[in-house]
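I have placed the structure first, in the form of structure tokens, so that the comments after it can refer back to it.
Residue numbers (my numbering), protein chains in the order written: chain V, 1 to 192; chain D, 1001 to 1192; chain E, 2001 to 2192; chain C, 3001 to 3192; chain U, 4001 to 4192; chain B, 5001 to 5192; chain L, 6001 to 6192; chain Y, 7001 to 7192.
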């Protein structure tokens, strides 16, 4: 992994931001050791395990991408989405711990919800959050089921099915735990 | 079916209410033809297909059972639960078409929700309603998944899994489309 | 159904287009009989079973929504998406019968693909089309699995899983056969 | 985890009981080290892995919650339910190792069964116990499938399906291994 | 079907009993029309849809095969097993409507259970009956899951899984609704 | 485990054989350490992980139980069945490595097959062996699917389904890897 | 369908054979009515529902394709494969009703098996036939699972899984009931 | 494992190549230690974990087997197929990292594709590659799904289903990750 990052850092002509998803401290240390100013600027994000090297900070997305998540255990996937959105040149904000069992926590943030241009909605267990959020806004909602849960959550299948059957018509779905993919789509929409 | 009803009507000693679930007009006509005052008082409930013969009207349940449902297509199962609860001697009310994609329709009825002693919550598709309702009240919520939906709803499995993974801790679940069973449990709780 | 349409036609204040999905000739005739200029202008679209009453023709979507589909049997779902997109105020075009087993048919239309602002990609069986299309464009691709196929297609599950695991990072997914939902999301994106 | 417990202990105003489910000896030691009279009173329950700090002993539940379980391997989940029920202010008793393959062991305890106000019924493998228990009592039975078993038990799915299809009409179901949730519902019913 | 029966009747040398499973009145009439003394002796068994032509009545099985079933809807499969056992030369008796939710109905018949040499146990829904019966006897129990039920019974899968996970060690399982197969095995055991 | 064995050894009145399934060398050493003549006679069977203490050698089964298995990897489950059958007082023999892809290896042993009174048939992967064996003999065949295989074997589900759908009518099935259970049933049949 | 056939018949330049799979007598009559010598030569094959118009009889396949099938109910799929193979220019023979429960019927035809250049092996239920056939020959075996069976055959899934887990290394698999596809592959191999 | 290899090396009469699939460095070292010229010539292939001892280098396959794979993570399975094909006496080449999301990488190699006599096509995730490759060539394509992916890839099930539903008629499928089996079939075809 560090080898790939080193190769990317060497290529002088292209100066993209670099993002390693689902890394760990060992990979981070190896990246650091590759040397050079960029490598030294690498950051490790503990919650998501992502490693980022930000080389350009230009914002190319037109609006704000908002990452909303349900429970504490969904935060790693939400953070992966948040960082990916930012590394792809978007203003990205977050709204965590607003699961549907305490609906008022979500409703208190209606303004934040309505200001976003694209929403990424991360939830495990019953995966109900995107339906509620989708009903509160008029913009596209990218739903990310997480593998959080046990027993009949079947590693995220319950949340995935819930999201595919969402009764809100502005919801689409990506694979379980795919925070990265959700941010790619959101970024692609935000550049339109 | 009419034969069984006739046998029940003949038994003089027991005077329970009689409930036929998932009947139709043909069975209703046959029941009517069995003759006698009770048979003539039989009612056919088109939405749920239930046939009821109400012979005692005593209320034995201590509080109100509230049947809440998400979409229009969930109403047949909700009605089955409502009628069953009533035939078992409970005050039962309903609150339909309050799906989570339009969360304010549900929130407008908070008073009704908080006045119930037991809540039956009927929903298909993503089955998210019980989680939201469960978060708004402190009483037991019996969740009934319905087979409403298509594709990845898998005949109610998506809703069933969503409900089993509910993040509200006062939610229990019965089988898909089992409005009758939910009302039995609710009634059993309401007599405590 | 015709009853609902009649009620919608009566409401003078709102003049939205009206779309009935998965209708048939009988419903169409009933809609026609409701009378009035609008009802008389109703059109029945045989391929998708949709009935449309177009009352406003203003284009509010900023670009073109392109509906791409794989096989002949996928066309009903594709048509549902196409009509929905149009009724919601979008320029919408289509590109049918470009399944991946004859990749050159798809590649001949690269220009059409790159001119779209949003792409809806409809496919049954192995559901591979969105991955290929996603790799050819930089805009969001909404993938719609169809229940076309038999045996191990499991009513669209094979296509659904294929799309959720797409290796193209600009692909999101809606429920099986949900051409309507895909067009809602596409339209919502196209208005940004 | 110990950090969260410490924060809870510090909050002077609220004096709830504290329950950590699925803990271990390491977490227990860390809790102990947080200091103070409450922390020192913490107990580790080996069978369920629960850690409890009992600060109030008031009984608020009206009757007895009885936890019934089938096999020896179901006891950890049963214990989690038992402790949760007690920590929530209920009188709670248990009846273990009364699986349906030795039906007389269960029948010998009919009196205990009929004295309970709510029953929690914990079983893995074929999950048949709640149906039998439900037939012996008139109170609500909360069924908890466990992931006990191998092969075609599919991590508790066999027991879960068995319970959802119970022919006893006073049975509702919670998620696999969810002893905590079952006790929450039972406690919520017991306060009615 | 009638054609096959006719061919079997013609073969003079072999004089087995003839059994048609899952037939109907039309097939029965056609069999009757094939003519001859044997065909005229054919019987149609309405509950199971079986057609039997009994040509030899010799009992070759050493003991009694007892067919036990849970609910009224399981009787067609139970009858198929009963008739098959008899046509294969066994003394066969039945014990119906002894589901586990009313355990005392089953326990009242302990003598009948203990007199059998092989037991066939037919049950749908949660499929719990074979575990209870298996615990009451020392002889082999052949469990037959039925497709009776709805929703999460998944066409007999819930009962099948329950039976495969039976905690009684004298239980084996055949395919869903396979009353015929269960009787073949039972008969094969009874001839040992 | 060793504790349970020790308790069993202490009970003077009952002198059953003792069988520990799925043990290991550590448990075996602990059993040995419990002391006494019986404990010293304990044997560890490496292939199946079983530990046996044979205290009575009387044969109570009337005929021979033959354990047949398909591939090398199925042997642990087959051995568990073989040892269980023997510890329960049966003459038990085995026939290993006779998978259906080399059908002649099986056919060479027809005599052995026809001499058995009950056959236990152990197979993973496609689980085809019981169908072939069932067609070669007239006695009951207990089929044991094993979790041997990878990918689409789904931990033994492929073999389980194959066996449940066997076209041989003398085949019944037990749970995946349940060599112990198969031997219990076989022994129970062999005592008839 | 008849319309498509008519269009194919009109195209003078290409003279391929024409094959309609899963047709019926109505389609056949319509094809006949399209007129012309070729249409008049159309044949309806009742067992498979196929309609064939043979315009060229040149054999381009190098060897014989042998279609082997297990039970009577598998014959429609086997016939579809046989006709497809022939219409594509192959010598094709068949060997039906040689299921593994009567292994000697299969073994009697070893010569026929070893003379084939490619074998198509059609089986439902446990789908064991390809493993046995694969072990008897050295040529490629294309396995076709059929949806024949009930209960735990799950519409051909049991047979499909069995075939994917075949212990014979010369077996590959096509979709459930896909006799046409199997013959396409076999023909493609036979032209090498 | 090394023991088996040693036994194979000792058998003087047969001089086949030896292939150990899914081995590791420890097994390799043990094989090396068995001594003799052949053992010393053993090679360890890190990507696939295969160990090969090439004793004969005669090419018996008539054409070239081409192994095509989609992503980097599919290479271990592809390598297993490649080595197996070579050890069985075939000319075998490879074409890696030509996934369908970058269709032009694949199309640049059309010549290589059309020169192969048999193609093995290895892909995880959506498993779309065999459909595209199958459409570009006229020779048989053996599709190998891999367990590469996460979430809704379900350990290769998504790819497996995609391949079974391939719209290219020259595609057959083997088990998940079964590179060895695919090469056996390919080799068997290549010798025809």
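Think of the CB as a built atom: it goes at the ideal place given N, C-alpha and C, for glycine as much as any other residue.
Quick caveat, the model's predicted, so the values are computed rather than measured.
Judged by their CB atoms, residue 65 of chain V and residue 85 of chain V are nearer to each other than the 8 Å cut-off. Under the Cβ distance rule, residue 3120 of chain C does not count among the residues neighbouring chain U, no pair being separated by less than 8 Å. The segment 2163-2177 of chain E makes contact with the segment 2135-2143 of chain E, as at least three CB pairs between them are under 8 Å. When beta bridges are read from the DSSP output, residue 4180 of chain U appears opposite no residue.
Of all residues in the segment 5142-5157 of chain B, only 5142 place a beta-carbon less than 8 Å from a beta-carbon of chain U. Between residue 140 of chain V and chain E, the shortest Cβ-Cβ separation is below 8 Å. Neighbourhood of residue 5172 of chain B in chain U, by CB distance below 7 Å: 4142, 4172, 4173, 4174, 4185, in chain order.
Looking only at C/3093, C/3115, C/3046, C/3129, the smallest Cα-Cα distance to residue 3106 of chain C is reached by C/3129. Taken through DSSP and simplified to helix, strand or coil, residue 22 of chain V comes out as coil. DSSP, reduced to helix, strand and coil, places residue 47 of chain V outside both helices and strands of the structure shown, so it counts as coil. Under the Cβ distance rule, residue 5177 of chain B counts among the residues neighbouring chain C, one pair being separated by less than 8 Å.
In the DSSP assignment, residue 4069 of chain U falls within the beta strand (DSSP E) that extends over 4064-4069.
Exclusion of the five residues before and after residue 4113 of chain U leaves 4136, 4137 as the residues of its chain whose Cβ lies within less than 6 Å of its Cβ. Look at residue 95 of chain V: its C-beta is not under 8 Å from any C-beta on chain E. Of all C-beta pairs linking the segment 4004-4023 of chain U to the segment 3046-3055 of chain C, fewer than three are shorter than 8 Å, placing the two stretches out of contact. If you draw a straight line from the Cα of residue 2184 of chain E to the Cα of residue 1088 of chain D, it is about 44 Å long.
No Cβ-Cβ contact shorter than 8 Å links residue 6192 of chain L with residue 7009 of chain Y. Nearest to residue 25 of chain V by alpha-carbon distance, out of V/163, V/94, V/124, V/2, is V/2. For the beta strand (DSSP E) assignment, the uninterrupted runs of no fewer than 3 residues enclosed by the segment 7059-7136 of chain Y are, from N- to C-terminal side, 7064-7069, 7091-7095, 7118-7123. Nearest to residue 7006 of chain Y by alpha-carbon distance, out of Y/7039, Y/7069, Y/7045, is Y/7039. Taking every protein chain shown into account, the CB of residue 1117 of chain D has 16 or more other CB atoms within 10 angstroms, so this residue is buried.
The three-state reading of DSSP puts residue 4157 of chain U in helix, counting H, G and I together.
Contact annotation: in the segment 100-131 of chain V, residues whose CB is within less than 9 Å of a CB in chain E are 117, 118.
Annotation: Cβ neighbours of residue 1165 of chain D in chain C (cutoff 9 Å, chain order): 3175. Using beta-carbon distances, residue 161 of chain V does not count as an interface residue toward chain Y, since no partner is under 8 Å. Between residue 1043 of chain D and residue 5186 of chain B, the alpha-carbon positions lie close to 56 Å from each other. Residues of the segment 3056-3072 of chain C that bring their beta carbon within less than 9 Å of a beta carbon in chain U comprise 3070, 3071, in sequence order.
Around the beta-carbon of residue 1029 of chain D, fewer than 16 other beta-carbon atoms lie within 10 Å, marking it exposed. Residue environment for residue 7071 of chain Y: buried (at least 16 other C-beta atoms within 10 angstroms of its C-beta). Going by DSSP, residue 1171 of chain D is part of the beta strand (DSSP E) stretching over 1171-1173. Within the DSSP secondary-structure output, residue 140 of chain V pairs in no beta bridge. With a beta-carbon spacing of about 5 Å, residue 2166 of chain E and residue 7126 of chain Y fall inside the 8 Å limit used to define contacts.
For residue 6039 of chain L, the enclosing alpha helix (DSSP H) covers residues 6037-6040. DSSP lists E/2018 as the bridge partner or partners of residue 2053 of chain E.
Around residue 148 of chain V, the same chain offers 73, 74, 124 as residues with beta carbons nearer than 6 Å, after the five sequence neighbours per side are excluded. Residue 1090 of chain D and residue 1061 of chain D do touch by the CB rule: their CB atoms are close to 3 Å apart, below 8 Å.
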